[in-house]
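Below: one structure, written as structure tokens.
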Ligand SMILES: *[C@@H]1O[C@H](CO)[C@@H](O)[C@H](O)[C@H]1NC(C)=O
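Residue numbers (mature numbering (1 follows the signal peptide of the UniProt record, and there is no 0)): -21 to -1, 1 to 237.
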């Protein structure tokens, strides 16, 4: 441990700025730059985006909210802005430049089921049109980083997409790619949680099994599902920000600041 720390210290002081930059990777989009490396891990997500259908994902969930039922629809476009609907009025859909949009729809239950549903919220989450009132101060961006890893299982791959704003509050999406060697492709993302303007989605796929550079085998055996028990709970219960600081990057930041 002490000797590896010294080696790291030496390496870090040489390439301090580079090392910081390597902990996260800025991408043009997930589709345009679907092959990339972060630290020692190489990812190739390109097979996920091969079909046209895979580039546009619609994820719906429904909550019983007596005396009504509330449906939440997430529209995700991974390679550019969503196309707008000609059937809906402008104010009932996300503005031009929106990549990820959340719509909340509510309807009354019996005996009012025949009534038209009401659109309660239209939230641009990922947005790329700087001069619009829907743009957040954060601005559009796609940034990938690694989640925590115990060294035996694959780290999760975290992709944060930003740029939207709703009632003066910045919105962003967090895609959590999890490795499962046995996943049957094509796989789709599922809704995970949303909190304080962050909307998180899980995407379990074999393409998230990042390969360590210079090693023939990635952590875990081929039968390892890659999802440590309880990690889900942990991720949901904590702030996404925490996962952006791995032990390595923290060391680097501390050393670089010194
Ligand atoms: C919630 O989001 C706002 C706006 O992005 C931010 O200023 C605030 O720090 C966040 N709250 C917490 C507890 O993270």
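Even for Gly, the Cβ is constructed at its ideal location relative to N, Cα and C. All values derive from a computational prediction rather than experimental measurement.
By the neighbour-count criterion, in which a residue is buried when 16 or more other Cβ atoms sit within 10 angstroms of its Cβ, residue 20 is buried.
Minimum Cα-Cα distance from residue 11 among the listed residues 25, 182, 41 and 179 corresponds to 25.
Counting along the chain, the unbroken alpha helix (DSSP H) around residue 33 starts and ends at 31 to 34. Of 139, 50, 187 and 173, the smallest CA-CA separation from residue 159 is found for 187. Taking 8 Å as the cut-off, the beta carbon of residue 181 is found no closer than this to the beta carbon of residue 151. Residue 140 holds the alpha-carbon nearest to the alpha-carbon of residue 9 among 140, 69 and 164.
Contact check for residue 148 against residue 176 passes: the beta carbons are separated by less than 8 Å.
At least one heavy atom of ligand 1 lies closer than 7 Å to the C-beta of residue 176. Under the three-state reduction of DSSP, residue 73 is assigned to coil, being neither helix nor strand. Taking 7 Å as the cut-off, the C-beta of residue 109 does not count as close to any heavy atom of ligand 1. Cβ-Cβ distances below 6 Å link residue 79 to 55, 104, 105 and 152 in the same chain, with the five nearest sequence neighbours on each side left out; the list follows chain order.
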